[in-house]
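Input: a single structure, listed below in structure tokens.
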Amino acid sequence: MLESLNGVAVKKRKKQKLAEEMSGYDNTNTSEVEVVNNHCGLNTEIVLLPVPEMIEHDGDVYANREDGTSSKTSGRKKKGRVRKAPDLVNSNTAALASFPAMNSKKVSNTVHMAVGRFFFDVGLPVDAVNSAYFQPMIDAIASQGTGVVGPSYHDLRSWILKNLVHEVRNDVDQCTGAWGRTGCSILVDEWNSGKGKTFVNFLVYCPEGTIFLRSADISHAIDSADVLYELLKETVEEVGLRNVLQVITSCEDRYVIAGKRLTDTYPTVFWTPCAGRCIDLMLHDIGELPTVNMILNQAKSISRYIYSNSVVLNMMRRYTFGVDLVDLGTTRSSTDFMTLKRMVNIRHNLQSMITSEEWMESPYSKKPEGFAVLDTISSQSFWSTCALVTSLTDPLLRLLRIVSSEKRPAMGFVYAGLYRAKEAIKKELVNKEEYLVYWNIIDRSLEGDAHLHIRSLVYDCIEKLVPDPKIQDKIMKETASYHGGVGDFGRKMAIRARDTLLPTEWWLTYGGGCPNLARMAIRILSQTCCLIHHKLDKIPLEHMHERKNCLEHQRLNDLVFVQYNTSMKQMVSSNKQQEAVDPISYEHIDIVEDWVIEKELCSDGSGNTEWMAVDPPLGNVMLLGPQIDDIEALGAGFDDREIFDAVKDSEEENGGENIGNH
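According to this note's numbering, the sequence shown holds residues 177 to 838 in order.
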């Protein structure tokens, strides 16, 4: 790596020297050439980190993390390539070309400042710029030229909201029209307002999309399973019993009781705990193990010291080429282990930092906390334990990303993901007594029967979802063909496609010979298995349930309907790459506070502007290597009978079937 960086530095010095020589050919307009240098290869709106050996960055070479792909790396992997700035062959031409850029920059700065004043005046969160509707709004305003008058207070409350209600209603009708064809899942998401109010939001998922149905205030009966049962029952009847395959809730006892009562009332409906929360509970329990907890605390102490000092934070971001130490997950536990993996990936950069002259001469290195950081980052045992913990938890993190994805249903990957997690744990620890500790955590979160009686669970699905006995018998015959690899199921390309096609696509392609079984399989595999993580603090749910004028109450209901459904549609359909998230941002502090907040409170000295010296995160993940698709990483082959038998003391004969993704 050092040789590569030295080579980059030499190339950069040569390029700078060449630019200086060429700028000397035209002495009449030196200032204009300097303007060109500022615009030729860099985004001047970004404050670059002042590193002598810094690789030039450009937004479009950063890896796209949405689906684990890279926007520039298709085909062969290109290593160590640096994006070159355009050659300044003709300084006069470049100088002339710079005038539109200068004017554009002035206009952009004016626009950005105007947007900033509006945001900070009304208290909009800065991540509102990530909305899929933000740039189209800017474009629509710009397309009208000067003199555009914005909508009034009454415009927004009346005809604009009315038109948006009609737009969203059309999208919702498209989803509801698919319920009878594909089946649907009812998602029950509980939300606490922070003001003593607790709400339950009911959403309906199908492959066409997820819609917000309604909200209920359960503050008066928060611990009542009876109230929850009645709400679930009403929602199932509203959606249509024939359409509902499952109801997904959180894992609390009151939801378990209400869910089981619901399945007794409606035998054709399944109750399912949220897979994402079950996996997060596994990660939490693993984090409580003494050795794992100790290593997490050591890693957090490093992170807290770095993120509490602007000088040290800037230094870290320079040595990691814009890669942040903290990797933000959806929960505290996922953030813990994602960040630990991030630290393992950049450990050599961190070690280069703490052995550099810059660190040694810094006053922060001479503090007790600085010496502790030096000792920990220099410790080989610390890094070896970090690597082991990362290997044990990475399959669970992968599965958490799969089940939490809004872009594709994950029902067909849960068992394969749990199998891979147990397989990795067994491979790393080898000793049965040691890996059973982790296996028991997984089984405890899944009530111990995740891999038992797989075939009987399939029979349950047939009996519950297919009421016609004749169709049930046909499905059983077709199931025998599936297990025996008869017809298209036995084709070599069908076998290969198990690892390349999504489960629903596989059944659509190769299940034609068994139409009844394929129809049931597609109906099940098209469903989600996780509640959608959604920010509700910007949606006026609380006001919906307050007493007010009946007309205003109707308007608020429509407002929530538009906001909730529009934001969920954006979550699924938006392909916009999000900008780098600053881990110290207050919007995420409830998830990352253990990693970025010192135990001693910061002093609020007046006139302290140290935050202005912090360089913004660049979000450069190229240093971390190519992103691997989580589903592809599940791999093939499920041959460990001990995993399927849930580690019975004496191995029982249960058919030894291979359970794959399909």
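We put the CB at the ideal spot given by N, CA and C, even for glycine.
Status (buried if at least 16 other CB within 10 Å, exposed otherwise) for residue i
{"i": "residue 320", "result": "exposed"}
{"i": "residue 441", "result": "exposed"}
{"i": "residue 296", "result": "exposed"}
{"i": "residue 633", "result": "exposed"}
{"i": "residue 819", "result": "buried"}
{"i": "residue 805", "result": "exposed"}
{"i": "residue 745", "result": "buried"}
{"i": "residue 443", "result": "exposed"}
{"i": "residue 467", "result": "exposed"}
{"i": "residue 452", "result": "buried"}
{"i": "residue 287", "result": "exposed"}
{"i": "residue 318", "result": "exposed"}
{"i": "residue 535", "result": "buried"}
{"i": "residue 505", "result": "buried"}
{"i": "residue 511", "result": "buried"}
{"i": "residue 473", "result": "exposed"}
{"i": "residue 810", "result": "buried"}
{"i": "residue 379", "result": "buried"}
Identity of the residue in the options nearest residue i by Cα
{"i": "residue 537", "options": "413, 488 and 432", "result": "488"}
{"i": "residue 479", "options": "439, 548, 419 and 427", "result": "548"}
{"i": "residue 593", "options": "570, 603 and 607", "result": "570"}
{"i": "residue 654", "options": "683, 747 and 674", "result": "683"}
{"i": "residue 789", "options": "341, 577 and 493", "result": "493"}
{"i": "residue 405", "options": "356, 419, 429 and 614", "result": "429"}
{"i": "residue 369", "options": "516, 813, 718 and 482", "result": "718"}
{"i": "residue 604", "options": "613, 568 and 574", "result": "568"}
{"i": "residue 389", "options": "403, 701, 357 and 736", "result": "736"}
{"i": "residue 357", "options": "700, 330 and 337", "result": "700"}
{"i": "residue 572", "options": "589, 582 and 556", "result": "589"}
{"i": "residue 600", "options": "556, 314 and 575", "result": "575"}
{"i": "residue 768", "options": "410, 324 and 508", "result": "508"}
{"i": "residue 532", "options": "395, 495 and 544", "result": "495"}
Residue i and residue j closer than 9 Å at C-beta
{"i": "residue 422", "j": "residue 703", "result": "yes"}
{"i": "residue 128", "j": "residue 462", "result": "Nothing can be reported for residue 128: it is not among the residues displayed for the chain, which extend from 177 to 838."}
{"i": "residue 397", "j": "residue 375", "result": "no"}
{"i": "residue 530", "j": "residue 501", "result": "no"}
{"i": "residue 561", "j": "residue 471", "result": "yes"}
{"i": "residue 382", "j": "residue 416", "result": "no"}
{"i": "residue 458", "j": "residue 621", "result": "yes"}
{"i": "residue 689", "j": "residue 662", "result": "yes"}
{"i": "residue 741", "j": "residue 387", "result": "yes"}
{"i": "residue 596", "j": "residue 678", "result": "no"}
{"i": "residue 401", "j": "residue 431", "result": "yes"}
{"i": "residue 486", "j": "residue 786", "result": "yes"}
{"i": "residue 408", "j": "residue 372", "result": "no"}
Close Cβ partners of residue i (< 6 Å) along its chain, the five nearest in sequence each way excluded
{"i": "residue 523", "result": "559"}
{"i": "residue 450", "result": "424, 426, 706 and 707"}
{"i": "residue 563", "result": "520"}
{"i": "residue 758", "result": "793"}
{"i": "residue 579", "result": "451, 452, 586, 705 and 706"}
Heavy atom of the ligand GTP within 8 Å of residue i beta-carbon
{"i": "residue 355", "result": "Judged by which ligands are present, the structure shown has none, so any question about the ligand GTP falls away."}
Close-in-space but distant-in-sequence residues of the same chain around residue i (CB under 7 Å, 5 per side omitted)
{"i": "residue 665", "result": "657, 658 and 686"}
{"i": "residue 651", "result": "638, 642, 692, 693 and 696"}
{"i": "residue 484", "result": "774"}
{"i": "residue 602", "result": "611"}
{"i": "residue 553", "result": "478, 526, 527 and 530"}
{"i": "residue 454", "result": "427, 621 and 622"}
{"i": "residue 565", "result": "468, 471 and 516"}
{"i": "residue 302", "result": "295"}
{"i": "residue 207", "result": "Confidence in residue 207 is poor, its pLDDT being 37 and thus under 50, which makes the residue's placement unreliable; the coordinate value appears in the next sentence. Contacts found: none."}
{"i": "residue 420", "result": "360, 362, 412 and 445"}
{"i": "residue 514", "result": "503, 505 and 573"}
Contacting residues, own chain, Cβ-Cβ under 8 Å from residue i (five flanking each side not counted)
{"i": "residue 667", "result": "686"}
{"i": "residue 518", "result": "499, 500, 501, 502, 503 and 800"}
{"i": "residue 385", "result": "347, 350, 351, 744, 745 and 748"}
{"i": "residue 439", "result": "445, 446 and 447"}
{"i": "residue 341", "result": "734, 737 and 738"}
{"i": "residue 307", "result": "746"}
{"i": "residue 337", "result": "731, 734, 735 and 738"}
Check: What are the uninterrupted segments assigned as beta strand (DSSP E) that are 3 or more residues long and contained completely in the region 339-391, given in chain order?
Finding: Counting only runs of 3 or more, we get 360-368 and 374-382.
Item checked: Contiguous beta strand (DSSP E) assignments of at least 3 residues, all confined to the region 378-463 -> Taking only runs of at least 3 residues, the beta strand (DSSP E) segments lying wholly in the region 378-463 are 385-393, 420-425 and 446-449.
Item checked: Every unbroken alpha helix (DSSP H) within the region 548-587, with a cutoff of 4 residues, ordered by chain -> Within the region 548-587, the complete alpha helix (DSSP H) segments of 4 residues or longer fall at 556-580, listed in chain order.
Next item on the list: Ignoring anything shorter than 4 residues or poking outside the region 692-736, list the alpha helix (DSSP H) runs there in chain order.
Entry: With a minimum length of 4 residues, the continuous alpha helix (DSSP H) runs that stay inside the region 692-736 are 717-720.
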